[in-house]
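Peer 1: Our numbering puts the first residue of the first sequence at 205, with every later residue one more than the last.
Submitted below is the structure of interest, expressed as structure tokens.
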Amino acid sequence: MPSDAEGAVHARWDAARCFHAEPSAPGETYAIFIPPPNVTAALHLGHAFNNSLQDLLTRYHRMQGANTLWMPGTDHAGIATQTVVEKRLLLQGKKRTDFTREAFVEKVQEWKDEYEATILGQLKGMGCSCDFERTRFTMDETCATAVRYAFFTLFKDGLVYRGKRLVNWDPVTQTALADDEVEMEEVDGSFWYLKYPLVDGSGHVTVATTRPETMLGDTAVAVNPKDPRAAALRGKKLRLPIVGREIPIVEDDYVVMPASLGGDPADPKAQFATGFLKVTPAHDPNDWDIGQRHNVAAINVMAPDGSISDRHGWLDVSAEAKQFVGLSREEARKKIVAWFKQNGLLEEVKPYRHSVGHSYRSHVPVEPYLSDQWYVRVTDDRLRGTALRAMAKDQVEGALESSVANGPAMAGDGELRFFPARYAKNFQMWHENIRDWCISRQLWWGHRIPVWTKRGEASMLASSMGALASLDPSHAVVRAARVVDGADVALSALPAASGEHDLHVCLLDDAQGSMLESLGFKRDPDVLDTWFSSALWPLSTLGWPDPSKWPEMAGLLDRYNPSSVLCTAREIITLWVSRMVMFNRYFLGRLPFKHVFIHAMIQDGHGQKMSKSLGNGVDPRDIIHSHGSDAMRFTLVSMATNTQDVRLPVDMVCPHTSETFTPKWITTSAGYTVADAIQPSPKDASKKMVSGFGAATGVATPTAEIPLARNTSARFDLGRNFANKLWNATRFALSNLSQADAASQPAPLTLLDRWMLARLELASRAYGAAVAEYEFHRVAEALYDLVWRDFCDWYLEGIKPTVRSNATQQAVLAASLDAILRMLHPVCPFVTETLWSNVQGLAKGSVDGVALQPSALCATAAWPRFAASLRDEKALAEFARVQALVDAIRKVRGERQVSPKRRIALLAGESVRALIASSGGVVETMAGLESVGASPAARPATAVAIPFEGSEVLLDGLVDAVDAGAEKARLSKLIADREKQASGMRAKLENEAYIAKAPPALVEETRKKLAEVDADIAAAKQALAALAT
RNA sequence: GGGCGCUUAGCUCAGUUGGUUAGAGCACCGCCAUUACACGGCGGUGGUCGCAGGUUCGAGUCCUGCAGCGCUCACCA
């Protein structure tokens, strides 16, 4: 089996250091940064797919002579990794807070070490030609230096700020989440219609809400100014029930009017709206905006754990309201509804199904929560604008807004190109609607924010300014902000200011940290969003900002940034691609990569995304185990079309018997189809195994008796069969080359030889074109047809009788084999490398027009060069006729079930005999001919006729006696087929509009084709008539 | 709700600017243990290209509408 040798092959590559990039080496630059996989878990097939394509690109360009770097590494994945580690600790009955921060980080570090090793092992197992000597981790020293410098620079430049904003708050893990870390889930809820009385006793208004508990923080009620009731209410105030707070009625366009009062009936909100909207700025993002517009207060009534609290900004707690303080948000909701009911202020309750944001981490509803967080001002033109200006002009939809289009020019403007092009639109729309990026996370695992803060009265802070004067401004930046609203205050204005302020000091390194702490400053406990460090990946992996600190990184930054292409899935265009473009351009003034290639997603057999939590991800090691690495890669490459996600039906392998079987599927409560946690062995139900779903969800833990089952998929048979075919073809070719006859002579190139060389030249061009367009399935297709259809089915079969005595043909065979191994190498590196030395060791003649530079390793071999002279159109056309003739004869043999051993005589006219002669024996070999003769005057009784190119070809000796009935049926069917074809063409030619409007060449071709088909019909009819007599 | 994509043979998918008989692999049927390969060879069966309109000499391909599926962004009155 070809896959046996994979380990040995890897050892040879390592020994030769053939994937190590040296920036000083010659060649065009070709660089790829791996999308660093999260260290949360082992890689699945989605990663295998992503990396197979990157390796194909890398190896292809390496063989083209490029100076290549494929930069590997892993991502610390802040929230995700901390979560998995916390879950594991929970199984041991421990919580994060049972540890010190340092001790906990140590635990996470252990997990990271384990999975980083697993991931790198998987990459090697897949044959990835990464420069493993340069492997980075987003939290290693090099990356940490880059993160620190980037944050410091952004802070200094005013692009990082502290803001009091509503964030997506996870009350369980008590951290802010980025917008994209919130998952929407459909929830059955209710609409509660609450009455708020007017202060003047003249009645009430009714508001509708899905979250009655937030009413404690209401500071206004809004009404649409067009609402007919608005005028009468203008200037009036409401008495907020329970709290007793007097709140204004404000007028705002945002409010949807009920359908009955002229609201748009198509707007679902108009169906249930009352026209009055309670405004709770501290607990709803839209209300926050309304509050800003009308200058009403934001009153936070919740503690960070989501309970009702009077200690986080709520001061006017009435005696009536006291009973709700301390309740969870769920309990508070029930009790507040009950209170309204008791007091006759609950008008109505309607059931309502709507989607609610849930934490992707703890899966509880996210609370919009007012808190202080750090933001990157990505809305600034220096970030957003540079990203938009980077786009290739022809991929921009419409025109960029003029303020962006007229922004400062920069290297790389207009050079960022997406493949497929439609994804450019995603990128553009994201930036056109971008909002500032919340980058602080209340976690322990990550890059800690390098800001020290002291809070106090302005005058007190001003007095400690003196001590800060000693700080080196190139290593420390000081800023002040009002606590009340987070607004920046100039340091010079601080002494005159009043009220509480924050003094923030951002440090480039920790050297001055203890000095600040002795002054009463405290370091921010939060860490940065994972994507902050990911955004720097094309910079940090190359030693930015100061490569001189790491001697082995000298020259990397200038050589490999910008890189050639980023290969990734569409889901992270916004999270990652955008931010890399913004940061790379901001910090370095260039693009991080010129191309963005977005590939399909790998789904399971039920069309579901492979996910860690579902456990439906397939480990590439399972597929390597069942099919081999090359087979996996070839199959994945062949599935890489640019429109369609890949659906992969997955089977299970019984660990007890090694049998492959289809597991029992179940549907989870969330509606996913997964393999039941425990599966019985197909032949012996007493033996059991655990599925990936069982292991991932913790429903079942694998043990020695009930082990984890591997997965496999019949889809990979394609690749396995292909690798096997190549293996056997090579063996056969080698045996012919080593057993050449002593009398072997040079000879002119046969048609078959010329055809094979032309096919190689053609395949190489098709390959290059497909790679340039990132259409990888066309690469697999070109290789499959070249190796299997052309080389094995026709060339190897065709040369069998002649190759041992024809030295020229041996040279062509050896050159073809050598070129095929080279071309196949980027897709199937292991089998080609294993076979390589055998083929390289051949003493063989050269072939004119084929340049095959010698190389010790296939991995470092040069791409085969084919002269344009090999592009022999005549040979291609003539051999196509040979194939058509052979096919026609084989078809009759197949239909008549003639034994392959049976040799037959062919009788035909001059042109067919000339074609057979020019084929150099190929027709005789492939069609099983014993002799070729001229058409006789009298048709032999045992001859069977086939029409070919408009004339009759007789096959004699095919059968002992012609079965007239069967022959009639065969010929009649053939005639019917051709008649159908002819009538279609005839109809066309009789259509005057076709003659008049279709291109003349096409009309001419139709005429020619029709004449040929008609001739075939005539020949077949003649044969039919001969049968009748 | 906005955007994007998909719907082609039993299954998984190709099908480049509209062009002559819509392809592949698997599965299925027949023949073949022929000296590279049964993970093989040769031959075959199988599709009114989601539905309804339109443009065109000509539509799987372009346009409009509809239906279903998926992804993504937005949305908790």
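Glycine included, each C-beta is placed from N, C-alpha and C at the ideal position.
All of these numbers come straight from a predicted model, not from anything done at the bench.
DSSP three-state call for GLY562: helix, strand or coil?
Peer 2: Here residue 562 turns out to be His, not Gly, going by the sequence shown. If DSSP states are grouped into helix, strand and coil, HIS562 belongs with the strands.
Peer 1: Which of the three DSSP states, helix, strand or coil, is assigned to PRO432?
Peer 2: In the structure shown, PRO432 sits in coil (DSSP, three-state: anything other than H, G, I, E or B).
Peer 1: Which residues mark the beginning and the end of the alpha helix (DSSP H) in which CYS347 is found?
Peer 2: 345-360 is the extent of the alpha helix (DSSP H) around CYS347.
Peer 1: Taking LYS311 as part of the alpha helix (DSSP H), name the residues at either end of that continuous run.
Peer 2: Its alpha helix (DSSP H) spans residues 305-329.
Peer 1: Taking DSSP's pairing of strands, which residues face LEU574 in a bridge?
Peer 2: DSSP lists LEU370 as partners of LEU574.
Peer 1: What do you reckon, are the CB atoms on LEU1133 and ALA1147 nearer than 8 Å?
Peer 2: No, the Cβ-Cβ distance between LEU1133 and ALA1147 is not below 8 Å.
Peer 1: In the stretch 966-1022, which residue ranges form an unbroken alpha helix (DSSP H) of at least 4 residues, counting only runs that do not cross its ends?
Peer 2: Taking only runs of at least 4 residues, the alpha helix (DSSP H) segments lying wholly in the stretch 966-1022 are 980-988.
Peer 1: Count the other CB atoms within 10 Å of the CB of LYS1213; is the residue buried (16 or more) or exposed (fewer)?
Peer 2: When all chains shown are included, LYS1213 counts as exposed.
Peer 1: In whole angstroms, give me the CA-to-CA distance for GLY819 and ALA889.
Peer 2: The alpha-carbon atoms of GLY819 and ALA889 are separated by roughly 23 Å.
Peer 1: Give me whichever residues DSSP pairs with SER767 in a beta bridge.
Peer 2: For SER767, which the question treats as bridged, DSSP gives the partners PHE797.
Peer 1: Ignoring anything shorter than 3 residues or poking outside the stretch 825-887, list the beta strand (DSSP E) runs there in chain order.
Peer 2: For the stretch 825-887, whole beta strand (DSSP E) runs of length 3 or above, ordered along the chain, are 850-852, 855-857, 869-871, 877-879 and 882-884.
Peer 1: Within 8 Å, do at least three Cβ pairs link the stretch 947-955 to the stretch 1010-1019?
Peer 2: With the cut-off at 8 Å, the stretch 1010-1019 and the stretch 947-955 touch.
Peer 1: Quick check on the burial criterion: 16 or more other C-beta atoms within 10 angstroms. Buried or exposed for TRP869?
Peer 2: Classification of TRP869: exposed, given that the 10 Å Cβ count is below 16.
Peer 1: Is DSSP giving MET1265 helix, strand or coil here?
Peer 2: Since the first residue of the chain shown is 205 and the last is 1233, residue 1265 is not available in this structure.
Peer 1: Indicate the three-state DSSP secondary structure (helix, strand or coil) for ALA225 in the structure shown.
Peer 2: In this structure, ALA225 counts as coil in the three-state DSSP scheme.
Peer 1: Ordered along the chain, which non-local residues of its own chain (more than five positions away) have a Cβ less than 7 Å from that of ARG305?
Peer 2: These residues qualify, in order along the chain: TRP648.
Peer 1: Starting from PHE1034 and walking both ways along the alpha helix (DSSP H), at which residues does that stretch end?
Peer 2: First-last of the alpha helix (DSSP H) with PHE1034: 1033-1044.
Peer 1: Just the C-alpha distance for PRO206 and THR349, rounded to the nearest angstrom, thanks.
Peer 2: With a pLDDT of 46 at PRO206, under the threshold of 50, the modelled position of this residue cannot be trusted; read the value that follows with caution. Approximately 45 Å between the Cα atoms of the pair.
Peer 1: Which class does ILE806 belong to by DSSP, given the choice of helix, strand or coil?
Peer 2: Correct three-state label for ILE806: strand.
Peer 1: Mark LEU1110 as exposed unless 16 or more other C-beta atoms lie within 10 angstroms of its C-beta, in which case mark it buried.
Peer 2: Answer is buried; the Cβ neighbour count reaches 16.
Peer 1: Keeping to the same chain, check which residues put their C-beta closer than 6 Å to that of PRO572; ignore five residues upstream and five downstream.
Peer 2: For PRO572, where only same-chain residues beyond five positions count, the Cβ hits under 6 Å are LEU370, HIS487, ASP488 and PRO489.
Peer 1: Got a sec, what are the start and stop residues for the alpha helix (DSSP H) MET719 sits in?
Peer 2: That run of the alpha helix (DSSP H) goes 717-722.
Peer 1: On the three-state DSSP scale, how would you describe ALA220?
Peer 2: In this structure, ALA220 counts as helix in the three-state DSSP scheme.
Peer 1: Buried or exposed: which applies to ILE1199, given that a residue is buried once 16 or more other Cβ atoms fall within 10 Å of its Cβ?
Peer 2: So ILE1199 counts as exposed.
Peer 1: Considering only their Cβ atoms, is the gap separating SER738 from TRP634 smaller than 8 Å?
Peer 2: No, these two residues do not count as a Cβ contact at 8 Å.
Peer 1: What is the rounded straight-line gap between the Cα of MET419 and the Cα of GLY690?
Peer 2: Rounded to the nearest angstrom, the two C-alpha atoms are 25 Å apart.
Peer 1: Quick one: is MET388 buried, meaning 16 or more other Cβ sit within 10 Å of its Cβ, or exposed?
Peer 2: It counts as exposed.
Peer 1: In whole angstroms, give me the CA-to-CA distance for SER333 and LEU922.
Peer 2: Going from the Cα of SER333 to the Cα of LEU922 covers about 23 Å.
Peer 1: According to DSSP, which residues form a beta bridge with GLY393?
Peer 2: According to DSSP, GLY393 bridges with TYR556.
Peer 1: Do three or more CB pairs link the stretch 318-331 to the stretch 235-252 at distances below 8 Å?
Peer 2: A contact exists between the stretch 318-331 and the stretch 235-252.
Peer 1: Let's see if you can read the secondary structure: which residues bound the beta strand (DSSP E) around GLU455?
Peer 2: GLU455 -> beta strand (DSSP E) spans 450-455.
Peer 1: For ARG963, which residues from the same chain have a beta carbon less than 6 Å from its beta carbon, with the 5 sequence-adjacent residues on both sides left out?
Peer 2: Within the same chain, ARG963 has close Cβ partners ASP994.
Peer 1: Mind checking which residues open and close the beta strand (DSSP E) that includes SER1155?
Peer 2: Here the beta strand (DSSP E) through SER1155 covers 1155-1160.
Peer 1: Answer with buried or exposed for ARG982, where buried requires no fewer than 16 other C-beta atoms within 10 angstroms of its C-beta.
Peer 2: That one is buried.
Peer 1: Which parts of the stretch 640-688 are runs of the alpha helix (DSSP H), unbroken and 4 residues or longer, counting only runs that do not cross its ends?
Peer 2: DSSP runs (the alpha helix (DSSP H)) wholly in the stretch 640-688: 662-672.
Peer 1: So which of ALA245, ILE776, ALA697 and VAL731 has the shortest CA-CA distance to GLU239?
Peer 2: Rather than Glu, the amino acid found at residue 239 in this sequence is Pro. Comparing Cα-Cα distances from PRO239 to each of ALA245, ILE776, ALA697 and VAL731, the minimum goes to ILE776.
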